[in-house]
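Notes follow the structure.
Protein chains: 2
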Amino acid sequence: MRAEIISIGTEILLGEIVDTNAAHIASALPEFGIDLMYVTQVGDNPARFEEVVARAWGRSDYIFMTGGLGPTEDDLTRETVGKTLGEELYLDEEQERIVRSFFAGRGAANMPERNLKQAMLIPSARAIPNPRGTAPGWWVERDGKVIAVMPGPPSEMTRMWEHEVAPELERRADSILVSRTLKTTGIGEGTVDEMLSPLLKGTNPSIGIYARADGVHARIAAKAPTREEAWHLIHPVEEEARAILGPSIWGVDDQSMASAVGQMLEAQGLTIALMESATGGSVANAFTDYEGASNYFKGSLVTYTAEAKISEGVPAELIAMHGMISRETSEAMAKAVRERLGSDLAIGITGIAGGEEVEGQPPGTMHIVLWDGQEAEYSHSRYYQGREAAKRRAVLQAMTVLRRYLMARAQGAVH
Amino acid sequence: MRAEIISIGTEILLGEIVDTNAAHIASALPEFGIDLMYVTQVGDNPARFEEVVARAWGRSDYIFMTGGLGPTEDDLTRETVGKTLGEELYLDEEQERIVRSFFAGRGAANMPERNLKQAMLIPSARAIPNPRGTAPGWWVERDGKVIAVMPGPPSEMTRMWEHEVAPELERRADSILVSRTLKTTGIGEGTVDEMLSPLLKGTNPSIGIYARADGVHARIAAKAPTREEAWHLIHPVEEEARAILGPSIWGVDDQSMASAVGQMLEAQGLTIALMESATGGSVANAFTDYEGASNYFKGSLVTYTAEAKISEGVPAELIAMHGMISRETSEAMAKAVRERLGSDLAIGITGIAGGEEVEGQPPGTMHIVLWDGQEAEYSHSRYYQGREAAKRRAVLQAMTVLRRYLMARAQGAVH
C-alpha cells in the first residue's frame, strides 16, 4: 500500500509553523504495512492545491491530508477533494446538529453561518468525529482508495489519529508491524552490533541499531497478521537481546533517562537532592517532568553564584582553594545539599554552560559528583554545541552517573 | 520568483526526524521576495526522487534541496540533480583536497574512498563551503534557474544557509522585506488592532497582529530595494507604534520574556532569587538559558517537598495552616529565599503541574508571589494542557509578574 501526506496551510510555507502532523502520521504508518512515498506541503492557492491532490489521487492508495478545514474562504480542503473526485458537497443534517451544539455548549449565542461549511460532506465521505474542535474530519473511500482528511491543529489532529484513523487502518491492515526499542548506554554502536550479531540474521523480527544522543538503541521489529502475533515474535528475541545487553539497557521505547532513573530511585526506596550551578535547574526540571517525582525527588538548590553556594553550606575556603568549577566544589555541593534536604543521595554539578573559558577550563566542561553519605562518584565531561545543548548534555550525564550507581547498588556492589 | 523545497531522506518519511530545515528556509524566503509554492519530502528511492526533482525543475525558479549528500550509496542527491540537468559528475580537485584535509584534520589516517563522492561536481555547479562537515553544498545555476543543495544535518544546513545561501539570495534580490515584531503583554488582540488602527492603513510598511502564547505580537514589515531603505520605512512606524503601545511592549523579534526580564534586572542593578515547587526548576532554567544570567540571577531553591521547604526556611506552622499550595506558602517561600540568598527580589511559586487535584485545587493552579523586602505582589493563575505545558505557562506567568514590577519600579511607582 502506497501512501502520501498532504499538509495544507500558508503558515507552513511561510515557516511560521513546523509541520509536526506529517511526522506524527509518518511514524505510525509502517505499523500498518503502509509505505509512505511523499509528503507535500502546499498553501491555500486553489490551483496548486488541486494539482497536488489530483496527482496524489492518481498515484497513491492512501492520502492523508491535514489542515484547511476551518470556516473561512481560505479553507479549501473540502472543496478541493470534492472537485478532484467530481462529487458535489452537501450539508449533512447530523453534522449540522453537531456543529451547532458545539457552539451552544460553549455558550455562544449564535453560530456564525460560515461555520456551516464544516458540516458539509460528499457522497463518498463519512464524517470523522472531532471532540476537540468544530471541524469533523472526512474518511473518503472510493475506487479502492482512501483519503483521510484531518484538522490542522495538532491537538485535534493527533486525537483524531489515535482514536479514529489509526484504529481503522489497523482493522484494514493485512499485517501489523510492532517494535520494541531497547535503549543502552556505555557501549558503542559497533559493539552493540557485534553483541547482537547472533540475533541479526532473522528478517522477522529484524533488529536495527541506531546511535542516538542518549546512547545506542536496538530496535526489534516484527510483522504478523495481528498485533498479538507480532508481539509473540518479538518477545523471545527481546529476551535474548536483554540477556546479551544486560545492564547496559536503561530503558525502552519512548522512555527518557530521567524517567527511567526516577523509577529506579522509587523501586529502591531512595530519595535524591541536587545542588546545581551551570545546569541552572535543568536537572531538577528533567526529574519534575514526570508524575510522582515527589516520591523520590526532594529538590535542587540552584546556586548560581559563589555566595549562594556558601550560604547553602559550601565552605568558602574550599571554593577559594579549588575554584568554583572543580571536582572539589561539586563534591562539597553534593555533601551540603544531602545534609540540608536530608536525602539518601545527592548530586553536585559545577561547570561552564556558556561559550567562554572560565578558570582555564573550556566551554561545556562539567564536574558531576554523586554522594551517598559514604562514597563519592565523580564524572567529568566536556561537550559544547551552544549553551542549551551543553545544559541538556549535562542532564544526561548526571542521569547516567546516577543510573550507574543505582545499578551497582541493586547488584549489591555498593554497601 | 517561485520556489520550492525538496527534503530528502527516508528517516523523514519514517517519521524518525521532523523536517525543521524546510521551516528554516521557508521563514527566510519572504525576505528576498521569493514565494514558496511547495515543500516535498521524498525518500531515497531513485525513481521517485528523480520525478520530484524533474517536476521542480520544470515549474520553479529556485529549488532548495536538503539531504542526500552523505558518502553512502543511498545518498543520491548529486546523481539525481546531474541526471535531471543532463550533466555528468566529475571529481573536482579542489574539493577533493578539502575533503581529504577534513579527514586529516580529525586525525583519521585514511579517508574512506567512498567519501570522494562528496568532492564531485557538475559543470553548472559550484561548491558551497561546509565548515561543519565533509559534504559541500552545490549552487547550480542554469537556464535562469537556481538549485541550492544543502546537507541534511540541521547544524550544517543552517550554517550554510546563513553564511552562504541567504547572502547570495540577498545579492540577487530586487527588493528586501524586513520586519520588526513588537511583543506586548496584558492587552488583547482586538485592543492592539484598535490602538494601531491609525497605522494600519499603509501597505508598505504593513502591520500584522498575531495572538501568541507570550502575548499579542505586532509585526511591522517593509519592502525596499535595499535592507537599509526597508529599515528607513520601518523606523518611523515602529516609533509611532511604540508610542501608542508604550509599556505593554516587553520585547522585540526573537526575544524571550526571560531574556527581556533579565535585561531589565541588569539595567536596574537588581538581583533575583527563587523558591520553586511545582515549576521544578523550570523558572531557573529559563533565566539561565542566557549568557550573563549570573549578573542578576542568584539561584533557585527547588523545594519539592514540605520538608525541603521547611529546611530552607518556610515555617512549618504556616504550611500546616494554609496548605502547601497557597498564596501564603508562596509568599513565605519568597521571603525565605530572599533572606537565604541575599537577593534584592525574590519569587516563591507553589502549584500543581500534574493532572490531578491537590488540596481541592484544580490541575494547573499556580500561586506566584514576588517579594522585594517590603511589599508582595501576588498572581494566581490556572492553565492545564499537560504537565510540561503547565510548567511552561507558569514560567511565563512568573516572568510577567516580575516584568510588571520592574516597569512600575522604573517609573518610580515602587519606593
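In order, the protein sequence lines correspond to chains H and B.
119 is the number of the first residue of the first sequence in the numbering used here; add one for each residue after it.
119 is the number of the first residue of the second sequence in the numbering used here; add one for each residue after it.
All C-beta atoms, glycine included, are put in the ideal place defined by N, C-alpha and C.
CB contact flag (residue i, residue j, <8 Å)
| i | j | result |
| --- | --- | --- |
| M268(H) | M155(H) | no |
| E149(H) | L295(H) | yes |
| G133(B) | G161(B) | no |
| L514(H) | A336(H) | no |
| G151(H) | A266(H) | no |
| F415(B) | T406(B) | yes |
| L392(H) | V487(H) | no |
| D490(H) | L463(H) | yes |
| Q213(B) | L187(B) | no |
| L359(H) | G369(H) | Reading off the sequence, residue 359(H) comes out as Ala, not Leu. No; because the gap between Cβ atoms is not below 8 Å, this pair is not in contact. |
| D179(H) | R120(H) | yes |
| M451(B) | G441(B) | no |
| L436(H) | E425(H) | no |
| V476(B) | I443(B) | yes |
| A172(H) | E122(H) | no |
Range covered by the alpha helix (DSSP H) that runs through residue i
| i | result |
| --- | --- |
| W257(B) | Segment G255 to R260 is the beta strand (DSSP E) holding W257(B); no alpha helix (DSSP H) there. |
| E495(H) | No alpha helix (DSSP H) holds E495(H); the beta strand (DSSP E) holding it covers A494 to R500. |
| I135(B) | Neither: I135(B) is in no alpha helix (DSSP H) and is coded neither H nor E. |
| Q515(B) | R505 to A528 |
| L363(B) | R345 to L363 |
| F167(B) | P164 to R177 |
| G232(H) | In the sequence under discussion, the amino acid at residue 232(H) is Arg, which differs from the Gly named in the question. From DSSP, R232(H) is part of no alpha helix (DSSP H); its letter is neither H nor E. |
| V199(B) | T195 to L203 |
| L287(B) | A284 to R290 |
Spatial distance of residue i from residue j (CA atoms)
| i | j | result |
| --- | --- | --- |
| T468(H) | A144(B) | 40 Å |
| S395(B) | Y208(H) | 54 Å |
| P323(H) | E280(B) | 44 Å |
| V217(B) | A237(B) | 7 Å |
| F538(H) | N228(H) | Residue 538(H) cannot be examined here, being either before or after the span of chain H that is shown, 119 to 533. |
| R260(B) | A376(B) | 47 Å |
| I124(B) | I181(B) | 7 Å |
| E206(B) | E274(B) | 26 Å |
| L318(H) | G223(B) | 35 Å |
| K263(B) | N163(B) | 25 Å |
| A528(B) | Q492(B) | 17 Å |
| A253(H) | G185(H) | 10 Å |
| L459(H) | L459(B) | 16 Å |
| L363(B) | Y408(H) | 40 Å |
| I470(H) | I352(H) | 44 Å |
| P365(B) | R522(B) | 9 Å |
Whole-angstrom C-beta distance between residue j and residue i, which should lie under 8 Å
| i | j | result |
| --- | --- | --- |
| F167(B) | L203(B) | With 8 Å as the limit, F167(B) and L203(B) do not qualify as a contact, their Cβ atoms being about 14 Å apart. |
| R510(B) | T483(B) | About 15 Å separates the two Cβ atoms, so there is no contact after all. |
| S297(H) | A339(H) | 4 Å |
| R505(B) | G473(B) | 7 Å |
| N139(H) | P316(H) | Going by Cβ atoms, the distance from N139(H) to P316(H) rounds to 40 Å, so no, they are not a contact pair. |
| R411(H) | G380(H) | Inspection of the sequence shows that residue 411(H) is occupied by Ala rather than by Arg. Indeed they touch by this definition, with Cβ atoms about 6 Å apart. |
Residue i - containing beta strand (DSSP E), residue span
| i | result |
| --- | --- |
| M393(B) | I390 to E394 |
| W489(H) | T483 to W489 |
| S219(B) | Careful: S219(B) lies outside any beta strand (DSSP E), inside the alpha helix (DSSP H) at E211 to G223. |
| E122(B) | R120 to I126 |
| S418(H) | F415 to T421 |
| L463(B) | L463 to G469 |
| V264(H) | K263 to M268 |
| R244(H) | A243 to I246 |
| T158(B) | D153 to V160 |
Distance cut-off 7 Å: residue i Cβ against heavy atoms of the ligand NAD
| i | result |
| --- | --- |
| Q515(B) | The ligand NAD is not part of this structure, which contains no ligands at all. |
Residue i (DSSP reduced to helix, strand or coil)
| i | result |
| --- | --- |
| K319(B) | coil |
| G304(H) | coil |
| I428(H) | helix |
| S314(H) | Looking at the sequence itself, residue 314(H) is Leu, so the reference to Ser does not match. Correct three-state label for L314(H): coil. |
| M382(B) | helix |
| G326(H) | strand |
| A434(H) | helix |
| Y408(H) | coil |
| S340(B) | Contrary to the premise, residue 340(B) reads as Ala rather than Ser in this sequence. A340(B) falls in the strand class under three-state DSSP. |
| G369(B) | strand |
| M442(B) | coil |
| I130(B) | helix |
8 Å Cβ cutoff, residue i in contact with chain C
| i | result |
| --- | --- |
| L234(B) | As a matter of chain content, chain C is missing from the structure shown, whose protein chains are H and B. |
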